[in-house]
Amino acid sequence: MSGLDVVLQQVVNGLALGMMYALLALGFTMVYGIIELINFSHFSVFMTGTFVGLTVLNLMGVTAVSRSLSGLSLVTTLIALFLVTMLVTGLLGVLIERVCLRPLRNVSGTAPMITTIGVAFILINLMLLTFGPQAQRFPSLLPNWRWPLMGTAEITFKQLVLFAVGLVLMVVLSHLVKRTTLGKAMRATAQDADAARMMGIDVDRVVVLTFFLGSALAGAGSLFFGLYYGFTGYYIGYTTGLRAFTSAVLGGIGSIPGAVLGGLCIGLTQSLGGQLIGVKWTDVMIFSILIFVMVLRPSGLLGVRAPQKA
Amino acid sequence: MRGLGARLGLDRWRALPLSRRRQILTPVLLGLGLLFPVLTGNAGNVDAAANAFTYVLLALGLNIVVGFAGLLDLGYAAFFAIGAYGYGIAASGQLKPEWSGFWTPLEWAGQVSRLVVPGQADSVQFHFTFWPMLAVSAIICAIFGMLFGAPTLRLRGDYLAIVTLGFGEIVPVVARNWEGLTNGAQGLGGIRTPRLFGFDFGFSPYPYYFLGLALVAAAVWISIRLQESRVGRAWMAIREDELAAGAMGVDHVHYKLLAFAMGAAVGGLGGTFYVAKLTTATPDMFTFPVSVMVLVMVVLGGLGSIRGVVLAALFVAFLQSVILQDLTEYVHALGRLVGSDALQKVELITSLELIFGIILVLMMIFRREGLWPAVRKVSALTREQQTAAPSRGTAVELGWARPEAAGGPGRPLLEIAGLRKSFGGVAAADDITLTVHAGELVSVIGPNGSGKTTLFNLVTGLIRPDAGSIRLEGREIGGRAPHEIVTAGVARTFQNIRLFNNLSVMENLLVGEHARLEAGVLGAIFRPPRVRREEQRAVERALEGVAIFGNRLLPRLDHPVYGLSYANRRRTEIARAIMTRPKVLLLDEPAAGMNPAETLELMDLIRAFRGLGITIILIEHKLDVVMDVSDRVVVLDHGVKIAEGAPAQVRNDERVIEAYLGRRRRAA
Numbered sequence: 001m002s003g004l005d006v007v008l009q010q011v012v013n014g015l016a017l018g019m020m021y022a023l024l025a026l027g028f029t030m031v032y033g034i035i036e037l038i039n040f041s042h043f044s045v046f047m048t049g050t051f052v053g054l055t056v057l058n059l060m061g062v063t064a065v066s067r068s069l070s071g072l073s074l075v076t077t078l079i080a081l082f083l084v085t086m087l088v089t090g091l092l093g094v095l096i097e098r099v100c101l102r103p104l105r106n107v108s109g110t111a112p113m114i115t116t117i118g119v120a121f122i123l124i125n126l127m128l129l130t131f132g133p134q135a136q137r138f139p140s141l142l143p144n145w146r147w148p149l150m151g152t153a154e155i156t157f158k159q160l161v162l163f164a165v166g167l168v169l170m171v172v173l174s175h176l177v178k179r180t181t182l183g184k185a186m187r188a189t190a191q192d193a194d195a196a197r198m199m200g201i202d203v204d205r206v207v208v209l210t211f212f213l214g215s216a217l218a219g220a221g222s223l224f225f226g227l228y229y230g231f232t233g234y235y236i237g238y239t240t241g242l243r244a245f246t247s248a249v250l251g252g253i254g255s256i257p258g259a260v261l262g263g264l265c266i267g268l269t270q271s272l273g274g275q276l277i278g279v280k281w282t283d284v285m286i287f288s289i290l291i292f293v294m295v296l297r298p299s300g301l302l303g304v305r306a307p308q309k310a
Numbered sequence: 311m312r313g314l315g316a317r318l319g320l321d322r323w324r325a326l327p328l329s330r331r332r333q334i335l336t337p338v339l340l341g342l343g344l345l346f347p348v349l350t351g352n353a354g355n356v357d358a359a360a361n362a363f364t365y366v367l368l369a370l371g372l373n374i375v376v377g378f379a380g381l382l383d384l385g386y387a388a389f390f391a392i393g394a395y396g397y398g399i400a401a402s403g404q405l406k407p408e409w410s411g412f413w414t415p416l417e418w419a420g421q422v423s424r425l426v427v428p429g430q431a432d433s434v435q436f437h438f439t440f441w442p443m444l445a446v447s448a449i450i451c452a453i454f455g456m457l458f459g460a461p462t463l464r465l466r467g468d469y470l471a472i473v474t475l476g477f478g479e480i481v482p483v484v485a486r487n488w489e490g491l492t493n494g495a496q497g498l499g500g501i502r503t504p505r506l507f508g509f510d511f512g513f514s515p516y517p518y519y520f521l522g523l524a525l526v527a528a529a530v531w532i533s534i535r536l537q538e539s540r541v542g543r544a545w546m547a548i549r550e551d552e553l554a555a556g557a558m559g560v561d562h563v564h565y566k567l568l569a570f571a572m573g574a575a576v577g578g579l580g581g582t583f584y585v586a587k588l589t590t591a592t593p594d595m596f597t598f599p600v601s602v603m604v605l606v607m608v609v610l611g612g613l614g615s616i617r618g619v620v621l622a623a624l625f626v627a628f629l630q631s632v633i634l635q636d637l638t639e640y641v642h643a644l645g646r647l648v649g650s651d652a653l654q655k656v657e658l659i660t661s662l663e664l665i666f667g668i669i670l671v672l673m674m675i676f677r678r679e680g681l682w683p684a685v686r687k688v689s690a691l692t693r694e695q696q697t698a699a700p701s702r703g704t705a706v707e708l709g710w711a712r713p714e715a716a717g718g719p720g721r722p723l724l725e726i727a728g729l730r731k732s733f734g735g736v737a738a739a740d741d742i743t744l745t746v747h748a749g750e751l752v753s754v755i756g757p758n759g760s761g762k763t764t765l766f767n768l769v770t771g772l773i774r775p776d777a778g779s780i781r782l783e784g785r786e787i788g789g790r791a792p793h794e795i796v797t798a799g800v801a802r803t804f805q806n807i808r809l810f811n812n813l814s815v816m817e818n819l820l821v822g823e824h825a826r827l828e829a830g831v832l833g834a835i836f837r838p839p840r841v842r843r844e845e846q847r848a849v850e851r852a853l854e855g856v857a858i859f860g861n862r863l864l865p866r867l868d869h870p871v872y873g874l875s876y877a878n879r880r881r882t883e884i885a886r887a888i889m890t891r892p893k894v895l896l897l898d899e900p901a902a903g904m905n906p907a908e909t910l911e912l913m914d915l916i917r918a919f920r921g922l923g924i925t926i927i928l929i930e931h932k933l934d935v936v937m938d939v940s941d942r943v944v945v946l947d948h949g950v951k952i953a954e955g956a957p958a959q960v961r962n963d964e965r966v967i968e969a970y971l972g973r974r975r976r977a978a
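Taken in order, these protein sequences are the chains called A and B. Heads up, the first sequence is in the working numbering, so the first residue is 1 and it goes up one at a time. Heads up, the second sequence is in the working numbering, so the first residue is 311 and it goes up one at a time.
Take a look at the structure:
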């Protein structure tokens, strides 16, 4: 096994990991783009999504140890799984917005962000109390096809799916925000909610829709997490969440392509850095990136708007 | 409710002055604290209380950072960890460096000993004593507080919080991985317990209880002293409006770092105390949930409210150690009674973080000021005060002013030459040259967007000039920091009033005096006679400043300024600017939003300032006012000075009329 194919393998793994972070960062960054809220609860919604998906699968009689599905039954199961999970997490996001964040919409300062930390704690601990502290096995529905790339390096079907989904979502979301009426309403709300309201935009509806979309994306991300890694646990919202959050910050918080770029960078940092420096220092590397970006270039790699909110 | 309060004498209690209440409360609370172990007679409760004091220390420390200075720190547990490991490493056998002459003085002082193992090089055994380490840990934490705070200085709000979160994540990882220093995930063990006069604290909770009580008392005392000082006012000014604080002479870099350092130091005390009691330190004790727990305490008690934070920290600590466990037993008993297996298995302590989450959300939505916020004793206006005819300050007197400087243009005071500033290609100041003489009143007029406020921002250092010089009394002030320019003698008001909204009129004025006072941290804490006198004089001068406006502000001294009328807020802002004892006062549309009578009153006042020798530059849109009071009028248009001269002269200037009304189209 030469050094090069190890590196190549780490690059492939890192990019796949990065796409996972990107999926999470996309929803997070979209919410930030509209209401300038750093929404820590986004990552707990993601974590909750894995348990929703697990429950849905169990209800459909699919467990981690049951025989693998194939063909039509696999496709229908996946469709049902994604629809239900994304709907549930989307509604959870709407619930969080309506109950916890709308009363604080016009409160300046850090109060809304503190609220989202509270919401995150509530969700994390509800899942901990319901499903217990151990990691749960997540049924591995997708086929384990893999193709050799070079030497021992290979790429799996799941990784290809992740790339495809991440890139497609990035394009679709960019299109949504830049080219549709809803997107225009979103951007107007982001610029000046009061002015948008006076132009006849239903700001509440825009914000709710943004939360629904962002949380539904978190739900989709959670399913990819479960399908890709084959497990879930109450703590993944925190560990994965903070890395996804760093991705969004690195790419430029509020920027949709930035979320994907940031995710890929963080994924590569984690896999290559883990290989070169040691896995135990991964978090130090990632949080150092977070601090450096915040301090030296708060608008991130692709962000256009420097942070304004005091 | 009110009846009950009155029956209990609460009203009479509240009517007592704050200092008197403190004189009564301090011995009562201390006595209760000292008697608690006797009263409860239960070693378990004493132990819980001793642990709770750790949380109180942490909460008080975070309160300095978040409550006073408004800097949300989400990684505060880092300082708890650094303090804990600081003492833990110094008082355990973790590090065994090779012996050298460096250690001899420490050996002599009884802090280390020389370990002789046959066949190996001699090494050093650490056993630093607790008491000096308490101070050393606090200092180490203060240094780290500044290190972690320094990168956040330009950031605000959420972004600052994220950087602190990053540091809070990094510290436990380092503690886990740097095994040589910290013994990794297993943590430090065998940490020596404190000794006092040969008495070893050992493992009994009682000595720790009293030590903790003493530390908490000290932290409360320090917090109160800081809050009611020049330092505390500077922090609150930054919290309320950083930009205005700078324009009043507060150096935000200095005071933010100071807040991080003080907050971290108190957290370090907590960490040192905690490991000395526990005799072990592991990386898990300092993770994000701990930072959030401390934040919950501060939010629950009320940001900036010392008593609220202490009570909330005690509550949260007892919730964890006593209340939830007792409740669990009740639930189990209930389970046995009704024969429910599920109820008998409930462990409420596992839902502690859930409760934290719920507390955060509920407090943010319903009671952001906390359960027991810092009170602001506001005296309601009497009927007479409310209906009193406004009296003008008959004769404006300011002890520090130099009226002899008045009386017409003297030597050049403020010299602006070749000043340029552009924003993305638009020149807001294009080669402006202007000299203002001592005692003069110069007005700056011009259409909207002509660069008037930009000129003020350049002079006061809020924005840096691209080119050109600004000299005050011959000394260059262009490009200097706002607080330095205030100290040099330039003060301003803002077009869209920028007061410290949650502070009282008096506090706003005292912040205005910031640059003219000297008390630092130690002065604030120990309050020597020098500082005491300084504070007294500061209050006297603030009263002098309020008297400028007759009976307008006087009855409202202790009112928070957000409740004042528009005109009174303008007046407060002018008084605050005057408190900086300016040589040059820059007034940005002071008459905006004032009715004609108020405007006239203001004009009298401006003339009075001139009589006191204060040089004034005025931006104003009410041209009749400008023409009436000014010695000289400067007209700006598109960042260019297009005219300058006596009011009558400028009024008839062709270019001025053109700038205001547009070019007359000539018939071909």
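Glycine included, each C-beta is placed from N, C-alpha and C at the ideal position. Source: prediction; values computed, not measured.
- Nearest CB-CB separation between Phe378(B) and chain A: not below the 7 Å threshold.
- Annotation for Phe628(B): Ala358 and Ala362 place their beta carbon closer than 7 Å to its own, counting only its chain and skipping 5 residues before and after.
- One thing to note: Asn905(B) has its Cβ no nearer than 7 Å to the Cβ of Val871(B).
- The contact set of Ile114(A) on chain B, defined by CB atoms closer than 8 Å, consists of Leu382, Leu605, Val609, Leu670 and Met674 in chain order.
- Distances from the CA of Phe51(A) to each of Ala135(A), Gly274(A) and Ala16(A) were compared; the closest alpha carbon is that of Ala135(A).
- For chain A, the residues of the region 466-477 of chain B that bring a beta carbon within less than 9 Å of one of its beta carbons are Arg466, Gly467, Asp468, Tyr469, Leu470, Ala471, Ile472, Val473, Leu475, Gly476 and Phe477, in chain order.
- Listed along the chain, the chain A residues whose CB falls inside 7 Å of the CB of Ser661(B) are Asn125 and Leu129.
- Taking the beta carbon of Glu479(B) as reference, the chain A residues within 9 Å of it are Leu242, Asp283, Val284, Ile286, Phe287 and Leu290, listed in sequence order.
- Distance from the CA atom of Phe157(A) to the CA atom of Arg146(A), rounded to whole angstroms, is 6 Å.
- Among the residues of chain B, those whose CB is under 8 Å from the CB of Val295(A) are Pro461, Thr462, Arg464, Leu465 and Val473, following chain order.
- Here the region 807-814 of chain B makes contact with the region 542-558 of chain B; the two share three or more CB pairs at distances below 8 Å.
- Taking 7 Å as the threshold, the shortest C-beta distance from Pro133(A) to chain B does not fall below it.
- Cβ neighbours of Met47(A) within its own chain (closer than 6 Å, five residues either side excluded): Ile236 and Gly237.
- Shown here, Trp441(B) sits in a helix according to DSSP, grouped into three states.
- Any Cβ of chain A closer than 7 Å to the Cβ of Val483(B) would place that residue at the interface, and such an atom is present.
- If you look at His175(A), you'll find it isn't in any beta strand (DSSP E); it sits in the alpha helix (DSSP H) that goes Phe157 to Arg179.
- For the region 393-425 of chain B, the set of positions with a beta-carbon nearer than 9 Å to some beta-carbon of chain A is empty.
- Excluding the 5 residues flanking it on each side, Met572(B) has same chain C-beta neighbours closer than 6 Å at Ile374, in chain order.
- Straight-line measurement puts the Cα of Val831(B) at about 14 Å from the Cα of Phe378(B).
- Within the same chain, and ignoring the five residues on either side of Val7(A) in sequence, the residues whose Cβ sits closer than 8 Å to its Cβ are Leu272 and Gln275.
- In summary, Trp488(B) is exposed, with fewer than 16 beta-carbon neighbours lying within 10 Å of its beta-carbon over all protein chains present.
- For Leu4(A), the closest alpha carbon among the candidates Ala80(A), Arg137(A), Ser41(A) and Ala153(A) is that of Ala153(A).
- Interface residue (Cβ-Cβ distance to chain A less than 7 Å): Gly490(B) is not classified as such.
- Classified as exposed, Asn106(A) has fewer than 16 neighbouring CB atoms from the shown chains inside 10 Å of its CB.
- Nothing from the region 346-365 of chain B brings a Cβ to less than 8 Å from some Cβ of chain A.
- His562(B) counts as buried, since at least 16 other C-beta atoms from the protein chains shown sit within 10 angstroms of its C-beta.
- Going by C-alpha positions, Asn767(B) is about 51 Å away from Ile399(B).
- Here Tyr397(B) is not near Val604(B), since their CB atoms are 7 Å or more apart.
- Chain A has no Cβ within less than 7 Å of the Cβ of Arg808(B).
- DSSP places Ala739(B) in the uninterrupted beta strand (DSSP E) bounded by Val736 to His747.
- The beta-carbon separation of Gly300(A) and Ile256(A), rounded to 12 Å, does not stay under the 8 Å limit for a contact.
- Counting along the chain, the unbroken alpha helix (DSSP H) around Ile669(B) starts and ends at Leu662 to Phe676.
- At a cut-off of 7 Å between beta-carbon atoms, Gly667(B) makes contact with chain A.
- Gly478(B) and Leu326(B) have their C-alpha atoms some 43 Å from each other.
- The C-alpha of His824(B) lies about 49 Å from the C-alpha of Leu126(A).
- Annotation: the continuous alpha helix (DSSP H) that includes Ser247(A) extends over Ile236 to Gly251.
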